[in-house]
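Read the structure below first, then the notes.
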Amino acid sequence: MILPLLLSMLMHPFHVSLAEGEWNPQSGRFEIAIRLEPRDFQLALSKHAGKRIDLETTDRDQLQAAIVAYVKAKFIAVDAQDRPARWHWVGMENETKYVWVYLELQPDAASRELRISHRMLHEVASTQVNTLLLMGADEKQTLRFTKAQPTQTLRRDGAKAPWELVVPKT
Numbered sequence: 187m188i189l190p191l192l193l194s195m196l197m198h199p200f201h202v203s204l205a206e207g208e209w210n211p212q213s214g215r216f217e218i219a220i221r222l223e224p225r226d227f228q229l230a231l232s233k234h235a236g237k238r239i240d241l242e243t244t245d246r247d248q249l250q251a252a253i254v255a256y257v258k259a260k261f262i263a264v265d266a267q268d269r270p271a272r273w274h275w276v277g278m279e280n281e282t283k284y285v286w287v288y289l290e291l292q293p294d295a296a297s298r299e300l301r302i303s304h305r306m307l308h309e310v311a312s313t314q315v316n317t318l319l320l321m322g323a324d325e326k327q328t329l330r331f332t333k334a335q336p337t338q339t340l341r342r343d344g345a346k347a348p349w350e351l352v353v354p355k356t
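Start counting the sequence shown at 187; every next residue gets the next number (our numbering).
Given below as structure tokens:
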């Protein structure tokens, strides 16, 4: 009974990414680290670039350009007036099991609402679930992004107030 269950799990792999984000009040930026499965990420990069991208063998500058273009297109933050947050590339690490992508998002200082769309890897797996754990001074918030619901909203009461997840009404 257990063997068929294990085999079905192998045949239907989970497609998840995990990101951690922290608001830095001194810089006015969200500092974000995104952990991705290399095989899915490589496939998504290749689809987006329209050519084969290999995390191991593609020229470093070409690889970085492909990653930046992909992440800028798939991880987006805009305020209530649809003004995009400024995007800052920090870097990436290619480990054996995961690829880590580091970036910073800087919303306008006066913004009180931020809509974050995280569509990375949705073109590779329709069941892809992207999770962003936002860590604040006192609490953690978990944002979940799926193909059906790729956008979550954060709000704050003022420029110095903490960002809080807006829970959709059901």
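For each residue, glycine too, the CB sits at the ideal point set by N, CA and C.
Going by DSSP, what residue range makes up the alpha helix (DSSP H) through residue i?
i	result
L320	L320 -> not in any alpha helix (DSSP H); beta strand (DSSP E) instead, spanning 315-321.
Run through DSSP, which three-state label would residue i get?
i	result
P348	coil
T356	Its pLDDT being 47, under 50, T356 is placed unreliably by the model, and the measurement read from it follows with that caveat. The answer is coil: DSSP assigns T356 none of H, G, I, E or B.
A205	strand
L192	Reliability fails at L192, whose pLDDT of 48 lies under 50, so the model's placement of it is uncertain and no value is given.
M197	Any reading at M197 is ruled out, since the residue's pLDDT is 47, under 50, leaving its predicted position unreliable.
Need the endpoints of the beta strand (DSSP E) that residue i sits in, please.
i	result
Y288	285-292
F216	215-222
D265	261-265
H274	272-280
What does DSSP give as the partner residue(s) for residue i in the beta ladder?
i	result
Q327	L320
I302	A263, Q338
T332	V315
Assuming residue i and residue j form a contact by the criterion Cβ under 8 Å, report the distance between their Cβ atoms to the nearest whole angstrom.
i	j	result
N280	L241	5 Å
L319	T328	6 Å
A311	Q292	In fact, because the Cβ distance is near 30 Å, the residues do not count as touching under 8 Å.
V264	P224	29 Å between Cβ atoms; not a contact.
E299	A266	4 Å
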